[in-house]
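In our numbering, the protein residues as written are 7 to 178. Just so you know, even glycine gets a beta-carbon here, dropped at the ideal spot from N, CA and C. Predicted model only: the values in this text are computed from it and were never measured.
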(Lines of atoms letter the chains of each structure in order from A and count residues from 1; the text may use other names and numbers.)
(Lines give C-alpha, C1' and ligand atoms only; values in the text may rest on other atoms or scores of the structure.)
Protein backbone atom coordinates (compact mmCIF):
# COMPACT_ATOMS: atom_id res chain seq x y z
CA UNK A 1 0.00 0.00 0.00
CA UNK A 2 2.91 2.33 0.68
CA UNK A 3 4.17 1.83 -2.88
CA UNK A 4 0.70 2.40 -4.30
CA UNK A 5 0.42 5.61 -2.29
CA UNK A 6 3.89 6.63 -3.45
CA UNK A 7 2.92 6.16 -7.11
CA UNK A 8 -0.60 7.62 -6.83
CA UNK A 9 -1.41 9.97 -3.96
CA UNK A 10 -5.10 9.11 -4.03
CA UNK A 11 -4.60 5.34 -3.75
CA UNK A 12 -8.15 4.74 -2.54
CA UNK A 13 -9.37 5.67 -6.01
CA UNK A 14 -7.23 3.01 -7.71
CA UNK A 15 -8.31 -0.51 -8.70
CA UNK A 16 -6.02 -3.31 -7.58
CA UNK A 17 -6.09 -6.89 -8.83
CA UNK A 18 -4.34 -9.85 -7.21
CA UNK A 19 -3.76 -12.76 -9.60
CA UNK A 20 -2.73 -16.20 -8.40
CA UNK A 21 -3.38 -18.28 -5.32
CA UNK A 22 -6.22 -16.39 -3.68
CA UNK A 23 -6.16 -18.63 -0.62
CA UNK A 24 -2.52 -17.83 0.24
CA UNK A 25 -1.37 -15.25 2.75
CA UNK A 26 -1.13 -12.49 0.12
CA UNK A 27 -4.55 -13.14 -1.39
CA UNK A 28 -6.19 -13.16 2.02
CA UNK A 29 -4.22 -10.08 3.15
CA UNK A 30 -5.40 -8.10 0.14
CA UNK A 31 -9.01 -9.13 0.83
CA UNK A 32 -8.65 -8.09 4.46
CA UNK A 33 -7.10 -4.73 3.50
CA UNK A 34 -9.71 -4.08 0.81
CA UNK A 35 -12.54 -4.68 3.28
CA UNK A 36 -11.09 -2.42 5.96
CA UNK A 37 -9.74 0.34 3.75
CA UNK A 38 -12.44 0.40 1.09
CA UNK A 39 -10.06 -0.50 -1.73
CA UNK A 40 -11.49 -1.23 -5.17
CA UNK A 41 -10.14 -4.77 -5.32
CA UNK A 42 -10.40 -7.81 -7.58
CA UNK A 43 -9.20 -11.27 -6.50
CA UNK A 44 -8.54 -13.47 -9.51
CA UNK A 45 -7.65 -17.11 -8.97
CA UNK A 46 -8.69 -20.56 -10.12
CA UNK A 47 -11.86 -21.64 -8.33
CA UNK A 48 -10.04 -24.34 -6.37
CA UNK A 49 -7.62 -21.69 -5.05
CA UNK A 50 -10.23 -19.16 -3.97
CA UNK A 51 -10.60 -18.72 -0.19
CA UNK A 52 -13.39 -20.76 1.37
CA UNK A 53 -16.92 -19.35 1.39
CA UNK A 54 -16.84 -18.59 5.14
CA UNK A 55 -13.76 -16.37 4.68
CA UNK A 56 -15.24 -14.65 1.63
CA UNK A 57 -18.41 -13.94 3.63
CA UNK A 58 -16.34 -12.19 6.30
CA UNK A 59 -14.74 -9.84 3.78
CA UNK A 60 -17.71 -9.45 1.42
CA UNK A 61 -18.47 -5.84 0.47
CA UNK A 62 -19.31 -3.77 -2.60
CA UNK A 63 -15.70 -2.87 -3.37
CA UNK A 64 -14.44 -6.48 -3.63
CA UNK A 65 -14.97 -8.76 -6.61
CA UNK A 66 -13.82 -12.38 -6.95
CA UNK A 67 -13.40 -14.04 -10.34
CA UNK A 68 -11.48 -16.79 -12.09
CA UNK A 69 -11.22 -14.92 -15.42
CA UNK A 70 -7.88 -13.05 -15.71
CA UNK A 71 -8.80 -10.88 -18.72
CA UNK A 72 -12.03 -9.76 -17.06
CA UNK A 73 -10.31 -9.25 -13.70
CA UNK A 74 -7.64 -6.87 -14.93
CA UNK A 75 -9.88 -4.59 -16.97
CA UNK A 76 -9.59 -1.04 -15.65
CA UNK A 77 -6.97 -1.97 -13.03
CA UNK A 78 -4.28 0.45 -11.97
CA UNK A 79 -2.16 -2.19 -10.19
CA UNK A 80 -1.68 -5.89 -10.87
CA UNK A 81 -0.21 -7.85 -7.99
CA UNK A 82 1.03 -11.43 -7.99
CA UNK A 83 2.94 -13.83 -5.79
CA UNK A 84 4.64 -17.19 -6.20
CA UNK A 85 2.46 -20.08 -7.31
CA UNK A 86 4.32 -22.65 -5.25
CA UNK A 87 4.76 -21.53 -1.65
CA UNK A 88 6.98 -23.18 0.94
CA UNK A 89 5.50 -26.50 1.96
CA UNK A 90 3.65 -26.89 -1.36
CA UNK A 91 6.62 -28.13 -3.40
CA UNK A 92 5.08 -31.59 -3.95
CA UNK A 93 2.17 -29.85 -5.73
CA UNK A 94 4.50 -27.88 -7.99
CA UNK A 95 3.67 -29.47 -11.37
CA UNK A 96 -0.09 -29.33 -10.82
CA UNK A 97 0.02 -25.75 -9.53
CA UNK A 98 2.09 -24.52 -12.46
CA UNK A 99 -0.36 -26.05 -14.93
CA UNK A 100 -3.39 -24.64 -13.08
CA UNK A 101 -1.99 -21.12 -12.69
CA UNK A 102 -0.47 -20.72 -16.18
CA UNK A 103 -3.45 -18.59 -17.42
CA UNK A 104 -2.85 -16.20 -14.49
CA UNK A 105 0.72 -15.34 -15.48
CA UNK A 106 1.40 -11.62 -15.67
CA UNK A 107 2.70 -10.81 -19.13
CA UNK A 108 2.52 -7.93 -21.59
CA UNK A 109 -0.83 -9.11 -23.02
CA UNK A 110 -2.41 -9.15 -19.56
CA UNK A 111 -0.97 -5.71 -18.76
CA UNK A 112 -2.43 -4.35 -22.00
CA UNK A 113 -5.80 -5.98 -21.19
CA UNK A 114 -6.16 -3.48 -18.34
CA UNK A 115 -6.91 -0.83 -20.95
CA UNK A 116 -4.65 1.58 -19.10
CA UNK A 117 -1.16 2.44 -20.37
CA UNK A 118 0.12 3.34 -16.90
CA UNK A 119 -0.95 0.20 -15.00
CA UNK A 120 1.75 -0.88 -12.56
CA UNK A 121 2.99 -4.36 -11.71
CA UNK A 122 3.71 -5.45 -8.16
CA UNK A 123 5.20 -8.62 -6.67
CA UNK A 124 6.28 -9.17 -3.08
CA UNK A 125 9.33 -11.23 -4.18
CA UNK A 126 11.03 -13.57 -4.56
CA UNK A 127 9.68 -14.12 -8.06
CA UNK A 128 9.98 -17.17 -10.26
CA UNK A 129 10.59 -15.63 -13.64
CA UNK A 130 8.81 -17.54 -16.35
CA UNK A 131 6.09 -18.76 -14.00
CA UNK A 132 3.84 -16.21 -12.26
CA UNK A 133 5.54 -13.46 -14.23
CA UNK A 134 7.36 -13.52 -17.56
CA UNK A 135 11.12 -13.20 -17.41
CA UNK A 136 11.44 -9.59 -18.53
CA UNK A 137 8.46 -8.14 -16.67
CA UNK A 138 10.27 -7.23 -13.43
CA UNK A 139 12.41 -4.74 -15.35
CA UNK A 140 9.60 -3.50 -17.60
CA UNK A 141 8.06 -0.04 -17.81
CA UNK A 142 5.13 -1.38 -15.77
CA UNK A 143 7.14 -2.67 -12.81
CA UNK A 144 7.32 -0.96 -9.42
CA UNK A 145 8.60 -4.16 -7.79
CA UNK A 146 11.96 -2.71 -6.77
CA UNK A 147 10.33 0.37 -5.22
CA UNK A 148 8.00 -2.00 -3.39
CA UNK A 149 10.96 -4.03 -2.06
CA UNK A 150 12.65 -0.84 -0.82
CA UNK A 151 9.45 0.34 0.83
CA UNK A 152 9.00 -3.03 2.53
CA UNK A 153 12.47 -2.65 4.05
CA UNK A 154 11.55 0.75 5.51
CA UNK A 155 8.18 -0.50 6.74
CA UNK A 156 9.82 -3.48 8.44
CA UNK A 157 12.37 -1.22 10.14
CA UNK A 158 9.55 1.00 11.40
CA UNK A 159 7.71 -2.04 12.72
CA UNK A 160 10.81 -3.27 14.54
CA UNK A 161 11.32 0.16 16.07
CA UNK A 162 7.67 0.30 17.14
CA UNK A 163 7.84 -3.15 18.73
CA UNK A 164 11.13 -2.44 20.49
CA UNK A 165 9.82 0.85 21.87
CA UNK A 166 6.59 -0.81 22.97
CA UNK A 167 8.55 -3.54 24.77
CA UNK A 168 10.93 -1.02 26.34
CA UNK A 169 8.14 1.27 27.50
CA UNK A 170 6.22 -1.62 29.09
CA UNK A 171 9.14 -2.60 31.30
CA UNK A 172 9.64 0.93 32.66
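Looking at the structure shown, is residue 140 part of a helix, part of a strand, or coil, going by DSSP?
coil
Do residue 138 and residue 107 come within 8 Å of each other at the CB atom, strictly closer than that value?
It is a contact, given that the beta carbons lie within the stated cut-off.
Secondary structure at residue 46, three-state DSSP: helix, strand or coil?
strand
Quick one: Cα of residue 77 to Cα of residue 120, how far?
8 Å
Of the residues 54, 35 and 53, which one's Cα is nearest the Cα of residue 45?
Residue 35 is the option with its Cα nearest to residue 45.
Taking the C-alpha atoms as reference points, what is the distance between residue 51 and residue 174?
43 Å
Run through the DSSP bridge pairs and tell me what residue 87 is partnered with.
24 and 128
Name the one or two DSSP bridge partners that residue 80 has.
Beta-bridge pairing links residue 80 to no other residue.
Length of the line joining the Cα atoms of residue 168 and residue 115:
42 Å
Between 53, 83 and 112, which lies nearest to residue 74 when the distance is taken from Cα to Cα?
53
Taking the C-alpha atoms as reference points, what is the distance between residue 18 and residue 12?
12 Å
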